[in-house]
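Chemist:
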Amino acid sequence: MRQLGVVFLGVGGVGKTTYIYRLLGISKKPVLTRRPRWYPLYADRAVIYLVDVPGQRAVEVARGYYQAVRAYGARVDLIVYMYSVVEPATLDALFEIHQWAAGVPASARILVGNKRDLAEEAGFMVEGDGAAPYLGVLKIYYTSALKDDAASLFRIIATNLPL
């Protein structure tokens, strides 16, 4: 069975852990991630290791990313840069995170603007189109990790992996 690594990067509070919990069918409320965590997700022909990188600020996230990659000796098949579509500063933080993350090769990168449900309530949304070229991402997705079904969240990941 193939093993694939998917790393979620973004500052605290953007919904990385919620997204992962939703994929895995874990119903408990996420708590603050204090150290890198690996969660296996079994797909048809592969085990996809979902890596949840801790950090409230960009530098902490970058440090956690290096710690995770070194500790587990992981090959990174996909980086999921995640930000909150209702908090522009979370998108800005990805530029700093990317400067650090670019040092570790990854097969693909995508951008996920999360909390679409809150954007609909607020009546505005921070779109990531302008950031995409600088982050080297292939595609941009807009989600609600709390409200979207697990199958649609999984399709985002699976579409960008060599399954």
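If you're matching positions, the sequence shown starts at -18 in the working numbering and goes up one per residue. Cβ atoms here follow ideal geometry from the backbone N, Cα and C, with glycine treated the same way.
1. Considering only C-alpha positions, which residue in the set A131, A87, A70 and F76 is nearest to G6?
2. Check each candidate in G104, L(-10) and Y122 and name the one with the smallest Cα separation from R38.
3. If I follow the unbroken alpha helix (DSSP H) through I137, where does it start and stop?
4. Under the three-state reduction of DSSP, which class applies to V34: helix, strand or coil?
5. Report all residues from its chain with a CB closer than 7 Å to the CB of L119; omit the five preceding and five following residues, and keep chain order.
6. Going by alpha carbons, who is nearest to D110 out of L72, G(-6) and V67?
Modeler: If we stick to the structure as given:
1. A131
2. L(-10)
3. A131 to T140
4. coil
5. A89, R90, I91 and N141
6. L72
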